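As given, the protein sequences belong to chains A and B, one line each in that order. Under the working numbering, the residues of the first sequence are numbered 6 to 367, in order. Under the working numbering, the residues of the second sequence are numbered 1406 to 1552, in order. Glycine included, C-beta positions come from ideal geometry on N, C-alpha and C. As the structure is a prediction and not an experimental result, all values here were calculated from the model.
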Amino acid sequence: MYVAVKGGERAIDNAHAWLAEERRGDTGVANLSVAQIREQLSLAVNRVMAEGSLYDPDLAALAIKQARGDLIEAIFLIRAYRTTLPRFGASHPVNTAAMRCDRRISATFKDAPGGQVLGPTFDYTHRLLDFKLAAEGETPQAPTATPAPGPTPHIMGYLDREGLIQQEPGSDETPPDLTREPMQLPADRALRLQALTRGDEGFILSLAYSTQRGYARNHAFVGELRIGAVAVEMDIPELGFAIELGEITLTECETVNQFTGSKTEPPQFTRGYGLVFGQTERKAIAMALVDRALRWRELGEEDQGAPAQDEEFVLMHADNIQATGFLEHIKLPHYVDFQSELELVRKLRREAEGAAHREAAE
Amino acid sequence: MSTETERKGWMGLLARAPAEDLHRLWSDTGLTPDHAYLRAPEVGGVMVRGRAGATGAAFNLGEMTVTRCALQLGDGRVGHGYVQGRDKRHATQAALIDALMQGAEAERVRTMILNPLTEAETARHTARATRAAATKVDFFTLVRGED
């Protein structure tokens, strides 16, 4: 039986008014601008763009402000906004070989052509709180040097030339889009990569870590990690040619994994791949490890029953908006559901007590 | 350079340019051409694709916001604007410039708008590239162990 009830409008309005006040905080402290969030909390902005699956730093910064810094709530706002946008089309696949790299490192080749470029990294900091940041002060200008001309080549290309690494044959087949059709399992790699790149960073990180600890044999080296800007190009039907629509920052991670060979393939290295919006290095590395673990079937490896190998488990639980939607809905009124549960438990108890009395009497 | 290559060049430049920079340069030209919209400025999304392993099969990476518009000048020239972000004025100005670049105003627009935008973009790129170059690691051997 469904019983409709009304009420709570005033309480809800007042709760939202108080939320707005709490969001603002102490009015004696300067209001935070969206531009300040975009410029100074840029890694939070990048995470919201990656998991919100919409590249727009201003919108992501606004969402973070509205969500009071709750990044999953901010991602939720971006996902909701995204659904209102008409889709103009799909871009050509971005050419990450032409990336203008801010950072480019390899854990496998010390003398990689183009060199090891650290970029604006937290690596090698001492992770000691810097109390100077609590005080007002000018930031000293970063040193500069003469850059090498031309694009930075992909390191994997060198292994490729020797035939030591599994090939990635190119294809321009239209990939499946989980924002348009419900996810179908088994998923091909294109669908898995889409689900992973917009998946929750914490979930992907933990799964990747589990593969390193032995849940799925997956010893990965970071062949290359690069962060930088790439152009986005799309065919414009009314013009009859492709133009650049803009430029986005991406993080790309290519891992090199051992592979002992199969009936059809000689021993060689295999690859995991991570590509994520923004400067999002932890996520890109984790994505590459989970991508590699999920490839066990196509590479003819054994299923070890590890969570990171279980496509259904990984893909159906990676989305933090689906997860939080289902998780948080249980706090909303379930009075009627619960009333029937209550009736059931009371009835079961009456029956159990009745049986106990009869046994005692016998 | 073919006209199509040239047009791709300025349309890309206008798409990538910060909206405020373009607005300032456009205002400085004092140009106010009569125009009618063929497609009113519209905000939408474009699905950005990547390739598995950088070179393999295409996959959907996520969307980006794009604003587009098409218009016609009084003399019949048609301009298109596709720009990153959600700024309708940006898309309109890009379309106006695209149309003007196909006629007598091309030299003036190039000098007053496109060249400064190119210079500003190059400066932004150089600022990052030179900082990145300063973080390039120079390895050196400490002491080689004796066999």
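Separation of residue j from residue i, as counted between CA atoms
i: A:Pro-314; j: A:Glu-306; result: The residue asked about is misnamed: residue 314 of chain A is Gln in this sequence, not Pro. Their Cα atoms are separated by approximately 11 Å.
i: B:Thr-1408; j: B:Arg-1515; result: 14 Å
i: A:Gly-219; j: A:Gly-207; result: 19 Å
i: A:Thr-269; j: B:Met-1506; result: 57 Å
i: A:Thr-329; j: A:His-322; result: 10 Å
i: B:Ala-1539; j: A:Val-122; result: 8 Å
i: B:Lys-1413; j: A:Leu-250; result: 10 Å
i: A:Ala-195; j: A:Pro-180; result: 6 Å
i: A:Phe-127; j: A:Gln-284; result: 12 Å
i: A:Asp-135; j: A:Arg-287; result: 22 Å
i: B:Pro-1521; j: A:Glu-26; result: 44 Å
i: B:Arg-1388; j: A:Ser-176; result: No answer is possible for residue 1388 of chain B: it lies beyond the span of chain B, which begins at 1406 and ends at 1552.
i: A:Ala-365; j: A:Ile-77; result: 57 Å
i: B:Glu-1524; j: A:Thr-151; result: 18 Å
i: A:Ile-170; j: A:Glu-303; result: 15 Å
i: A:Leu-164; j: A:His-97; result: 26 Å
i: A:Glu-186; j: B:His-1428; result: 40 Å
i: A:Gln-45; j: A:Trp-301; result: 41 Å
i: B:Val-1451; j: A:Leu-347; result: 51 Å
i: A:Ile-253; j: A:Leu-349; result: 57 Å
i: A:Tyr-129; j: A:Asn-262; result: 25 Å
i: B:Val-1509; j: B:Pro-1438; result: The sequence shown places Ala at residue 1509 of chain B, rather than the Val named in the question. Roughly 13 Å separates the two Cα atoms.
i: B:Arg-1513; j: A:Leu-133; result: 55 Å
i: A:Leu-67; j: B:Ala-1445; result: 26 Å
i: A:Ser-267; j: A:Asp-205; result: 33 Å
i: A:Leu-48; j: A:Glu-229; result: 21 Å
i: B:Val-1453; j: A:Leu-280; result: 12 Å
i: A:Ala-192; j: A:Glu-316; result: 8 Å
i: A:Pro-264; j: A:Leu-190; result: The sequence given here has Phe at residue 264 of chain A, not Pro. Roughly 25 Å between the two C-alpha positions.
i: A:Gly-3; j: A:Val-341; result: No answer is possible for residue 3 of chain A: the residues shown for chain A start at 6 and end at 367.
i: B:Asn-1465; j: A:Thr-32; result: 43 Å
i: A:Gln-41; j: A:Lys-70; result: 10 Å
i: B:Glu-1526; j: B:Asp-1433; result: 19 Å
i: A:Glu-243; j: A:Asp-75; result: 42 Å
Bridge partner(s) assigned by DSSP for residue i
i: A:Glu-252; result: A:Ala-236
i: A:Pro-98; result: B:Arg-1454
i: A:Leu-230; result: A:Ile-110 and A:Cys-258
i: B:Leu-1478; result: B:His-1440
i: B:Asn-1465; result: B:Arg-1454
i: A:Arg-105; result: A:Ala-234
i: B:His-1485; result: B:Ala-1475
i: A:Gly-279; result: A:Cys-258
i: B:Gly-1449; result: B:Val-1471
i: A:Ala-247; result: A:Asp-240
i: B:Lys-1541; result: A:Val-122
i: A:Ala-293; result: Bridge partners of A:Ala-293: none, in fact.
i: A:Phe-274; result: A:Ile-170
i: A:Arg-92; result: B:Gly-1450
i: A:Leu-59; result: B:Glu-1468
i: A:Ala-360; result: A:Ala-360 is not bridged to any residue.
i: A:Ala-225; result: A:Asn-262
Members of the stretch 1456 to 1487 of chain B near chain A, C-beta cut-off 8 Å: Arg-1456, Ala-1457, Gly-1458, Ala-1459, Thr-1460, Gly-1461, Ala-1462, Ala-1463, Phe-1464, Asn-1465, Leu-1466, Gly-1467, Glu-1468, Met-1469, Thr-1470, Val-1471, Arg-1473, Ala-1475, His-1485 and Tyr-1487
Members of the stretch 274 to 288 of chain A that neighbour chain B once the beta carbon cut-off is set at 7 Å: Under the 7 Å Cβ criterion, the stretch 274 to 288 of chain A contributes Arg-276, Tyr-278, Leu-280 and Phe-282.
Any 3 or more C-beta pairs closer than 8 Å across the stretch 282 to 302 of chain A and the stretch 258 to 266 of chain A: yes
Contact set between the stretch 81 to 96 of chain A and chain B, restricted to residues whose Cβ is under 8 Å from the partner: Arg-87, Leu-90, Pro-91, Arg-92, Phe-93, Gly-94, Ala-95 and Ser-96
4 or more residues per run - each alpha helix (DSSP H) lying fully within the stretch 165 to 212 of chain A: 194 to 202
Inter-stretch contact (C-beta, 8 Å, three-pair minimum) for the stretch 234 to 249 of chain A and the stretch 85 to 97 of chain A: yes
Stretch-stretch touch, CB-based, cutoff 8 Å, three pairs: the stretch 1465 to 1476 of chain B with the stretch 1526 to 1539 of chain B: no
Contact the stretch 211 to 227 of chain A vs the stretch 132 to 151 of chain A: 3+ CB pairs below 8 Å: Judged by Cβ distances under 8 Å, the stretch 211 to 227 of chain A makes no contact with the stretch 132 to 151 of chain A, as fewer than three pairs qualify.
Interface residues of the stretch 116 to 142 of chain A facing chain B [CB-CB below 7 Å]: Gly-120, Gln-121, Val-122, Leu-123 and Gly-124
Validate contact between the stretch 1494 to 1501 of chain B and the stretch 1474 to 1483 of chain B using beta carbons, cut 8 Å, 3 pairs: Yes: the two stretches touch, three or more of their Cβ pairs being nearer than 8 Å.
Contact set between the stretch 1533 to 1548 of chain B and chain A, restricted to residues whose Cβ is under 9 Å from the partner: Listed in sequence order: Arg-1533, Ala-1534, Thr-1535, Arg-1536, Ala-1537, Ala-1538, Ala-1539, Thr-1540, Lys-1541, Val-1542, Asp-1543 and Phe-1544.
Cβ pair count under 8 Å reaching 3, the stretch 1451 to 1462 of chain B against the stretch 95 to 111 of chain A: yes
Stretch-stretch touch, CB-based, cutoff 8 Å, three pairs: the stretch 327 to 344 of chain A with the stretch 215 to 235 of chain A: Counting Cβ pairs under 8 Å, fewer than three are found: no touch.
Three-pair Cβ contact test at 8 Å for the stretch 60 to 71 of chain A versus the stretch 109 to 120 of chain A: no
Positions along the stretch 173 to 205 of chain A whose CB lies within less than 7 Å of some CB in chain B: For the stretch 173 to 205 of chain A, the set of residues with a beta-carbon nearer than 7 Å to any beta-carbon of chain B comprises Glu-173, Pro-174, Gly-175, Ser-176, Asp-177, Glu-178, Pro-180, Asp-182, Arg-194, Ala-195, Leu-198, Gln-199, Thr-202 and Arg-203, in chain order.
Sufficient close CB pairs (3 or more, under 8 Å) joining the stretch 1410 to 1425 of chain B to the stretch 1481 to 1492 of chain B: yes
Contact list for the stretch 1489 to 1506 of chain B against chain A, Cβ threshold 9 Å: Gln-1489, Gly-1490 and Arg-1491
Where the stretch 243 to 259 of chain A meets chain B: residues whose CB sits under 9 Å from a CB there: Glu-243, Leu-244, Gly-245, Phe-246, Ala-247, Ile-248, Glu-249, Leu-250, Gly-251, Glu-252, Ile-253, Leu-255, Glu-257 and Glu-259
Every unbroken beta strand (DSSP E) inside the stretch 1484 to 1530 of chain B [3 residues or more]: none
Residues, ordered as in the chain, of the stretch 141 to 160 of chain A that lie near chain B by beta-carbon distance below 8 Å: Per Cβ criterion, the list reads Ala-147, Pro-148, Thr-149, Ala-150, Thr-151, Pro-152, Ala-153 and His-159.
Chain-ordered residues of the stretch 1408 to 1428 of chain B with a beta carbon less than 7 Å from chain A: Glu-1409, Lys-1413, Met-1416, Gly-1417, Ala-1420 and Arg-1421
Under 9 Å (Cβ pairs) to chain B, residues found in the stretch 100 to 111 of chain A: Those would be Asn-100, Thr-101, Ala-102, Arg-105, Cys-106, Asp-107, Arg-108, Arg-109 and Ile-110, in chain order.
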